[in-house]
Amino acid sequence: MLGGKGPNPEQQKDSYPRVASQGTLSPFYPTRPACSHTMLFFQTLLTWGGFVEYQYTHLGYVDDTLFMGYNSRADKPMMKPRAPWMHQEKPEFWEYETQRALNLTKQLTEELNAVLHIYNQNKTGYHTVQMMHGCSVLLGGYFRRGYYELNYDGRDYIALNEDLSTWTAFGKAAKIIRYQWKIWDFAESLRTYLEETCVEILQKHLEKGKEILLRTDPPQTHVTHNASTDGKITLRCWALDFYPADITLTWQRDGDNQTQDVEVMDTRPSGDGTFQKWAAVVVPPGEEQRYTCHVNHEGLPEPITLRWDPPQLPVPIMTIVIGLGLGAVLMGAVVTFLIWKRRTKSKKGSGSEFLSLWEHQAPLRMCPDM
Numbered sequence: 001m002l003g004g005k006g007p008n009p010e011q012q013k014d015s016y017p018r019v020a021s022q023g024t025l026s027p028f029y030p031t032r033p034a035c036s037h038t039m040l041f042f043q044t045l046l047t048w049g050g051f052v053e054y055q056y057t058h059l060g061y062v063d064d065t066l067f068m069g070y071n072s073r074a075d076k077p078m079m080k081p082r083a084p085w086m087h088q089e090k091p092e093f094w095e096y097e098t099q100r101a102l103n104l105t106k107q108l109t110e111e112l113n114a115v116l117h118i119y120n121q122n123k124t125g126y127h128t129v130q131m132m133h134g135c136s137v138l139l140g141g142y143f144r145r146g147y148y149e150l151n152y153d154g155r156d157y158i159a160l161n162e163d164l165s166t167w168t169a170f171g172k173a174a175k176i177i178r179y180q181w182k183i184w185d186f187a188e189s190l191r192t193y194l195e196e197t198c199v200e201i202l203q204k205h206l207e208k209g210k211e212i213l214l215r216t217d218p219p220q221t222h223v224t225h226n227a228s229t230d231g232k233i234t235l236r237c238w239a240l241d242f243y244p245a246d247i248t249l250t251w252q253r254d255g256d257n258q259t260q261d262v263e264v265m266d267t268r269p270s271g272d273g274t275f276q277k278w279a280a281v282v283v284p285p286g287e288e289q290r291y292t293c294h295v296n297h298e299g300l301p302e303p304i305t306l307r308w309d310p311p312q313l314p315v316p317i318m319t320i321v322i323g324l325g326l327g328a329v330l331m332g333a334v335v336t337f338l339i340w341k342r343r344t345k346s347k348k349g350s351g352s353e354f355l356s357l358w359e360h361q362a363p364l365r366m367c368p369d370m
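Position 125 of the sequence shown, counting from 1, maps to 125 under the numbering used here, and the rest follow consecutively.
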């Protein structure tokens with residue numbers, strides 16, 4: 001492997017093809033500007049026990065949506081659909097993708113073995129090699145840029161520069177690889193794949209999966225308040241159930257951005273195709289209303305501003321009991337007065353008038369009939 005070309009994504013030109021399973025590739029995940037789309041593939045090989053034991057995962061993403069995946073440690077290792085539109089593919093497609101995953105496992109094993117040899121490292125420990133490649137397009141399907149990077153044991157190894165013709169190498173082994181790839185003109189073959197084949201495949205995904213990939217779900221937002229035992233107040237601004245994943249949460253104090261005493265959680269998947277995020281700030285007691293959270297997301301018509309809303313004080317139970325008691329006494333007094341008044345008039349009128357009034361007022365009685 002060291003003297004030849006690297007793993008070539010052009011081999012997947014017939015396929016439809018961030019999160020790496022071990023998480024070490026997350027720093028490589030590129031930011032996506034508004035009105036653009038990205039397709040990325042992450043291959044991760046983890047070995048231990050002198051290469052006797054290993055795990056290989058292969059994940060494909062369009063924007064923030066996983067659409068296909070392979071795990072060599074599964075009960076039946078097969079490339080499988082992970083998005084609704086991928087279930088339309090025929091069995092032979094998945095057989096081809098599974099075989100390609102097996103071939104890449106072998107290639108990455110050779111790459112890792114060569115690196116360990118150069119650094120004279122032992123094979124018996126845990127080692128990883130990861131590859132990330134893909135492309136992004138602007139509106140209209142115009143090529144924006146391409147990606148091809150390798151990572152060794154969680155560290156930068158070698159990456160194709162944005163010009164798609166030169167390489168950035170990190171360390172002795174990577175510089176040897178770069179020299180060999182320049183001889184083989186590996187960057188030129190990658191350029192063809194990234195600018196043409198990758199863009200074509202991405203456009204097919206955007207068409208087939210447009211109901212999912214092109215949607216925008218605005219965030220559900222609220223602010224929570226927590227008082228710790230040491231007297232500190234933490235305001236936490238939540239954004240839930242949004243898509244796509246790009247979102248900004250910022251805290252301001254009296255209109256000025258806050259960076260001190262602020263903690264922001266990385267955007268995380270909710271498990272249902274949407275995402276969640278929070279930003280927290282520590283504030284002095286009694287100054288909560290001076291702080292505002294500002295949320296900006298593609299699904300919002302305009303950025304929104306949030307404050308913590310103190311809960312309304314509940315009405316004391318004794319107030320309710322006293323009120324009911326006073327109401328009952330007042331109602332009884334009214335009935336008694338009316339009865340007395342009619343009874344006084346009955347001395348001059350007929351008794352039937354009193355009986356008629358009593359029957360009319362019966363539902364207001366406070367006591368049952370004797």
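Note that the Cβ used here is the ideal one computed from N, Cα and C, for glycine as well.
Judged by beta-carbon spacing, PRO244 lies beyond the 9 Å limit of LEU300, meaning their Cβ atoms are not closer than that value. Two segments are said to touch when three or more pairs of C-beta atoms, one from each, lie closer than 8 Å; by this definition the segment 211-218 does not touch the segment 159-167.
With respect to the 9 Å criterion, VAL62 and HIS205 are classified as neighbours on the basis of their beta carbons.
When DSSP states are grouped into helix, strand and coil, ARG100 belongs to the helix group. Runs of the alpha helix (DSSP H) lying entirely within the segment 198-226, each at least 4 residues long, are 198-208 and 210-213 in chain order. For the pair of segments examined, the segment 126-133 was found to touch the segment 146-154: the number of CB pairs separated by less than 8 Å reaches three.
Residue ranges of uninterrupted beta strand (DSSP E) with 3 or more members, entirely inside the segment 134-203 and ordered along the chain, are 143-152, 155-160 and 167-169. Residues TRP85 of the same chain have their beta carbon placed closer than 6 Å to that of LYS208, with the five preceding and five following residues left out of the count.
In this model, TRP251 and THR274 are separated by some 23 Å (Cα to Cα). If you draw a straight line from the Cα of VAL281 to the Cα of ASP185, it is about 51 Å long.
Contact between ALA169 and ILE118 fails: their C-beta atoms lie close to 12 Å from each other, not under 8 Å. Distance between TRP181 and ALA187, taken at the CA atoms: about 7 Å.
In this structure, the alpha-carbon of SER165 lies about 41 Å from that of VAL262. DSSP places TYR56 inside the beta strand (DSSP E), whose first and last residues are 53-62. Counting along the chain, the unbroken beta strand (DSSP E) around GLN43 starts and ends at 36-48. In this structure, the straight-line span from the alpha carbon of ARG145 to that of LEU138 is close to 9 Å. Taking every protein chain shown into account, the CB of GLY134 has 16 or more other CB atoms within 10 angstroms, so this residue is buried. One thing to note: THR224 has its Cβ no nearer than 9 Å to the Cβ of GLY255. Per DSSP, ARG290 lies in no beta strand (DSSP E) and is assigned neither H nor E.
Per DSSP, TYR70 is one residue of the beta strand (DSSP E) stretching across 65-71.
Setting aside the 5 residues that flank it on each side, TYR70 is surrounded in the same chain by HIS58, MET79 and ALA101, each with a C-beta closer than 6 Å to its C-beta; the list follows chain order. Residues of the same chain with a CB within less than 8 Å of the CB of THR98, apart from the 5 flanking positions on each side, are TYR70, PRO77, MET78 and MET79 in chain order. When DSSP states are grouped into helix, strand and coil, ASN296 belongs to the strand group. Rounded to whole angstroms, the gap between the alpha carbons of ASP163 and THR229 is 55 Å.
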